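Remarks on the structure that follows.
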């Protein structure tokens, strides 16, 4: 009776599973998948990144003999209103002010590239849920009804239900439990009884490899690799977020630089217009030559041409930036007058390299992928062994016209070994050799990655120091050009120099100001890139880096 109760319990579970499945809609399945993936990604993010701040190293300051002179942040340059503020504006609609923080937040909210990459991470997690499911208990149940009409024996009605569950074991084996209940009713002539007959079975089976395929590492390789791959994907996504935020900042400050250059060109155009007016007035009183007026007119045409070209380039760049942020192309935006901060970098090169080798997520991934290659070799080596398997089975069955008395009571058992000699292992041999070569290749690549990392960090420090020195020199150059313009204006008023000298002085000032803007933005982005490459750039949910 206990066996019968077990069968009835299994039947109840099967009908419960069938009922639950019947109640789920496609939307329920989607919601179920979202919940599983979100939970999985949150757990992986916590395990892979939660203690990252606590584990990272920080570089040491440069020794006194390596330090560069202290440099102060460049003061923001006063400029007129946004030169594109009126272009493309819709009546009654306020333009969208884009500063760095707003741009970063939009980029991680509506940016197409970011959304696509986030969905790719989701799909990675979704794939792992299926892999985990495959290595869990596998339930199967079938309900079948068969009607047949046999000549001279009447109609037969057979109703059968079976339920089974199988599980992959950590040892590489497979354990299966299955049960079945069937009822056969035969109708027809007087000689044929009409009472149904009931049959029941309960089977247990175990298959266990003893050589090839035995053990957790070989049998659960798909699950192991899936678990590791999702960790790699989470780290890669974090690296993408860092690089993505830097690229958005680079594009934003490129627009700021373009806008400032446009302001400078507009001021230059107004200056040469004024110089033309003055040159024409001085020519009327014979204090200028005709060639001075011609030269002033030529400079006006040149300045206006440069201004028109710069304005068109700026507007095209703004349109491209809007698309990058996922904004409609019709959205009217105004780029904020935001000057990138200047923070001198003074780090000990050896310490910076050590920090990078310890902290960087891509290096951690590369080291763990090297471990994967080593595991592939062990699994491929296992494939060269003979197939030796243990098979064990136990079953009970019963049959009666009374359903209660049809519970299984007739037992049977079997135990055996199967051996397949490794006479044909050409594919396995080639696979083993391929994994060996792949491992050696991976080791060389990892070694090269470490060497390139050391070289890149040292080169970035040198470049940052060079740019910092150039900024300091360029500040001095701007001051020199400003003084040169002031002196040339005085000498021009007194008649000591001609119009050409004044125009050249003003153009040199514009060029120096534009160069300072570019250098400051370049240093800011390079400093962020160095922090990223040392594993010290942390991005919040709004795409902004945190100290």
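Numbering (the working numbering), first residue to last: 1223 to 1769.
Just so you know, even glycine gets a beta-carbon here, dropped at the ideal spot from N, CA and C.
Since the structure is predicted, the reported quantities are computational estimates derived from the model, not experimental observations.
Using the beta-carbon count (16 or more within 10 Å), is residue 1674 buried or exposed? By the C-beta density criterion, residue 1674 is exposed, having fewer than 16 other C-beta atoms within 10 angstroms.
How many Å lie between residue 1423 and residue 1430 at the Cα? Straight-line Cα distance between these residues: approximately 23 Å.
Alpha-carbon to alpha-carbon, residue 1761 and residue 1352: Distance between the alpha carbons of residue 1352 and residue 1761 is about 31 Å.
Under DSSP, the beta strand (DSSP E) around residue 1431 begins and ends at which residues? Looking at the DSSP string, the run of the beta strand (DSSP E) that includes residue 1431 is 1419-1431.
Is residue 1448 buried or exposed, if buried means 16 or more other CB atoms sit within 10 Å of its CB? With at least 16 other beta carbons inside 10 angstroms of its own, residue 1448 counts as buried.
Could you give the first and the last residue of the continuous alpha helix (DSSP H) run that contains residue 1336? Segment 1334-1356, the alpha helix (DSSP H) holding residue 1336.
What span of residues does the alpha helix (DSSP H) with residue 1524 cover, start to end? 1512-1546 is the extent of the alpha helix (DSSP H) around residue 1524.
Am I right that residue 1686 and residue 1750 are in contact with their C-beta atoms under 8 Å? What's the rounded C-beta distance? Not quite, the Cβ-Cβ distance comes to about 11 Å (not below 8 Å), so this is no contact.
Just the C-alpha distance for residue 1836 and residue 1599, rounded to the nearest angstrom, thanks. No answer is possible for residue 1836: the residues shown for the chain start at 1223 and end at 1769.
Classify residue 1647 as helix, strand or coil using the three-state DSSP reduction. Residue 1647 falls in the coil class under three-state DSSP.
From this set, 1378, 1270, 1264, 1278, which residue's C-alpha is nearest residue 1576's C-alpha? Considering only alpha carbons, the answer is 1278.
Determine the direct distance from the alpha carbon of residue 1488 to that of residue 1733, and round the result to whole angstroms. Annotation: residue 1733 to residue 1488 spans about 13 Å, alpha carbon to alpha carbon.
Beta bridge counterpart(s) of residue 1436 as assigned by DSSP: According to DSSP, residue 1436 shares a beta bridge with no other residue.
Are residue 1383 and residue 1364 closer than 9 Å when you measure CB to CB? Between residue 1383 and residue 1364, the CB-CB gap stays under 9 Å.
Span of the alpha helix (DSSP H), counted from its first residue to its last, around residue 1587: Residue range 1583-1604 is occupied by the alpha helix (DSSP H) that includes residue 1587.
Proximity below 9 Å, CB of residue 1692 to CB of residue 1741: A contact, by the Cβ cut-off of 9 Å.
Pull up the distance between the alpha-carbon of residue 1567 and that of residue 1745, whole angstroms please. It is roughly 10 Å from the alpha-carbon of residue 1567 to the alpha-carbon of residue 1745.
Between the Cα of residue 1589 and the Cα atoms of 1664, 1522, 1573, 1528, which residue gives the shortest distance? The shortest Cα separation from residue 1589 among 1664, 1522, 1573, 1528 belongs to 1664.
Between the beta-carbon of residue 1615 and the beta-carbon of residue 1621, is there less than 9 Å? Contact check for residue 1615 against residue 1621 fails: the beta carbons are separated by 9 Å or more.
DSSP three-state assignment for residue 1742, whether helix, strand or coil: Of the three classes helix, strand and coil, the one that applies to residue 1742 here is helix, per DSSP.
If residue 1456 and residue 1261 are in contact, beta carbons under 8 Å, what's the gap, nearest whole angstrom? Wrong, their Cβ atoms sit about 14 Å apart, outside the cutoff.
Residues of its chain near residue 1258, where Cβ-Cβ distance is below 6 Å and the 5 sequence neighbours each way are ignored: Cβ within range, chain order: 1351.
Tell me which residue opens and which closes the beta strand (DSSP E) that residue 1625 is part of. For residue 1625, there is no enclosing beta strand (DSSP E), as DSSP gives it neither H nor E.
Where DSSP assigns a beta bridge to residue 1397, which residues make up the other side? In DSSP, residue 1397 forms a bridge with 1389, 1428.
With 16 as the cutoff for other CB atoms within 10 Å, does residue 1244 come out buried or exposed? Confidence in residue 1244 is poor, its pLDDT being 48 and thus under 50, which makes the residue's placement unreliable; the coordinate value appears in the next sentence. Exposed: under 16 other Cβ atoms inside 10 Å.
C-beta contact flag for residue 1320 and residue 1556 at 9 Å: Against a cut-off of 9 Å, the Cβ pair of residue 1556 and residue 1320 comes out as a contact.
Going by beta-carbon coordinates alone, are residue 1404 and residue 1381 separated by less than 9 Å? Yes, the pair counts as a contact, with Cβ atoms nearer than the cut-off.
Do residue 1343 and residue 1496 have their C-beta atoms within less than 9 Å of each other? For residue 1343 and residue 1496, no; Cβs fall outside 9 Å.
Leaving out the 5 sequence neighbours to the left and right, which residues in its chain are closer than 8 Å to residue 1755 when beta-carbon positions are compared? 1578, 1582, 1675, 1678, 1679, 1682.
Residue range of the beta strand (DSSP E) that includes residue 1283: For residue 1283, there is no enclosing beta strand (DSSP E), since its DSSP letter is neither H nor E.
Is the distance from the Cβ of residue 1604 to the Cβ of residue 1640 below 9 Å? Not closer than 9 Å, so no.
Let's test the definition: count the other Cβ atoms within 10 Å of the Cβ of residue 1657 and tell me whether it reaches 16, buried, or not, exposed. By the neighbour-count rule (16 or more Cβ atoms within 10 Å), residue 1657 is buried.
Using only alpha-carbon positions, find the residue among 1471, 1503, 1357, 1505 that is nearest to residue 1561. The shortest Cα separation from residue 1561 among 1471, 1503, 1357, 1505 belongs to 1471.
Anyone know if the C-beta pair for residue 1477 and residue 1543 falls short of 9 Å? Pairing residue 1477 with residue 1543 gives a Cβ-Cβ distance under 9 Å.
Rounded to whole angstroms, what is the Cα-Cα separation between residue 1759 and residue 1585? Cα atoms of residue 1759 and residue 1585: separation of roughly 15 Å, rounded to the nearest angstrom.
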